[in-house]
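Student: Attaching a single structure in structure tokens format; questions to follow.
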Amino acid sequence: MVENLDNPIILLDEGRNIVYANRSAGDMFGDISGKSWEFLFGSGATGAGNAAEALIRGADAGRTEAVLADVTYDMRFSPVSDGEGLNYGVVMLEDVSEKRHLEDRLKRSMEKLKSDTSIAKHIQSSILPIDDEYWNSIKINAIYLPADDLGGDVFDIVRLSEEETLLYIADVSGHGVQASLLTVFLRENVRAKADAAKEGLELLVKELLKNFIALGMDATIYISLLLCRYNKVRGELSIANAGHNCSPLVIRKNGRVEEIPVKGMPISRISK
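Quick note on our numbering: the sequence shown kicks off at 1048 and runs consecutively.
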């Protein structure tokens, strides 16, 4: 049975000499019977040599790795005895070079992804307005805590004129890089089409919907958006809701809190 195994099997005596090698080991290394263990792996087998020594003394040496001619082998050691006081070590080898190569590639890819995610996180946080008073009109106080490194939430404030300010809060479905990119898409589109809000928030929503549909996103992707246009001269606030399920609250000077009910469909392919 051992002779026909695909993996190389080697038997070592107490002197760490090879007393048996199955057919797979012979095909891989040639005639190695009578050779020493170090003949195969030399100084690159320090861990393997220590393991071999331990298992021959009767300890379960477990497994280690060694490199031979740029090939990485996973070596599993098991102690055996002939029942007459002689101890041996059985070594099963497996070529894991491709596996380790893939692991290295995956590690490098993960490191690059981590770096890219860090950059995207910095960009996403940098586009949010800081807490301050803007144009003697609107004061912002906000806390931004995404569930993941990259989130789908965004808010912004845009000056329309000396009298009017546009502000909004939005949520892109999902998390991660895609959601983060869509928040940047939304911010840039709102700013580019902000003049449409002067004629009505509904017109701005239609412009955003048109540009979103042009992206060709999956039907499961959507943006919920709450838009507000504030006129500081008249003290008026106009509101449009595109599927954002968090109604705005008004806190009166007497401490009374009022909810402003306003509904609408989110920005998505099914909304066209």
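Cβ atoms here follow ideal geometry from the backbone N, Cα and C, with glycine treated the same way.
How should D1178 be labelled, buried or exposed, when 16 other C-beta atoms within 10 angstroms of its C-beta is the threshold for buried?
Tutor: Numbered from 1 along the sequence shown, position 131 holds the residue referred to as residue 1178. It is exposed - the Cβ of D1178 has fewer than 16 other Cβ atoms within 10 Å.
Student: Compare the C-alpha of L1197 against each of I1190, T1212, I1166 and E1209 and name the closest.
Tutor: What you label residue 1197 is simply residue 150 of the sequence shown in a count that begins at 1. Closest by alpha carbon: I1166.
Student: Taking contact to mean at least 3 C-beta pairs separated by less than 8 Å, is the stretch 1072-1080 in contact with the stretch 1153-1172?
Tutor: no
Student: Pick from E1180, S1184, S1285 and L1087: whose alpha carbon is nearest that of L1115?
Tutor: Looking up residue 1115 in the sequence shown gives position 68. Looking at the Cα atoms, L1087 is the closest of the given residues.
Student: According to DSSP, is S1271 helix, strand or coil?
Tutor: Position 224 of the sequence shown, counted from the start, is the residue given in the question as residue 1271. S1271 falls in the strand class under three-state DSSP.
Student: With respect to the alpha helix (DSSP H) encompassing E1235, which residues constitute its N-terminal and C-terminal limits?
Tutor: Working through the sequence shown from its first residue, we reach residue 1235 at position 188. Element bounds for E1235: G1223 to A1239.
Student: Under 8 Å Cβ to Cβ from N1301, same chain only, skipping five residues before and after it: list those, please.
Tutor: Sequence index remark: in the sequence shown, residue 1301 carries index 254 (1-based). Cβ within range, chain order: n/a, list empty.
Student: Could you give the residue range of the alpha helix (DSSP H) that holds A1289?
Tutor: Residue mapping note: residue 1289 aligns to position 242 of the sequence shown, counting from 1. Counting along the chain, no alpha helix (DSSP H) covers A1289; the unbroken beta strand (DSSP E) around it starts and ends at E1283 to A1289.
Student: Quick one: Cα of A1239 to Cα of R1299, how far?
Tutor: Taking the first residue of the sequence shown as position 1, residue 1239 is located at position 192. Taking the first residue of the sequence shown as position 1, residue 1299 is located at position 252. One C-alpha to the other measures close to 34 Å.
Student: Is it buried or exposed, H1291, if we count other Cβ atoms within 10 angstroms and call 16 or more buried?
Tutor: As a first step, residue 1291 is located in the sequence shown; it is residue number 244 there, counting from the start. Its Cβ being crowded by 16 or more others within 10 Å, H1291 is buried.
Student: Cα separation between M1122 and A1068?
Tutor: Stepping through the sequence shown from its first residue, residue 1122 is reached at position 75. Stepping through the sequence shown from its first residue, residue 1068 is reached at position 21. Cα to Cα, M1122 sits roughly 14 Å from A1068.
Student: Could you check whether the stretch 1125-1136 touches the stretch 1184-1192, counting it as contact only if at least three pairs of C-beta atoms, one from each stretch, sit closer than 8 Å?
Tutor: no
Student: Could you tell me which of L1213, E1306, I1204 and E1180 sits nearest to E1283, measuring between CA atoms?
Tutor: Translated into positions along the sequence shown, residue 1283 becomes position 236. Nearest C-alpha to E1283: L1213.
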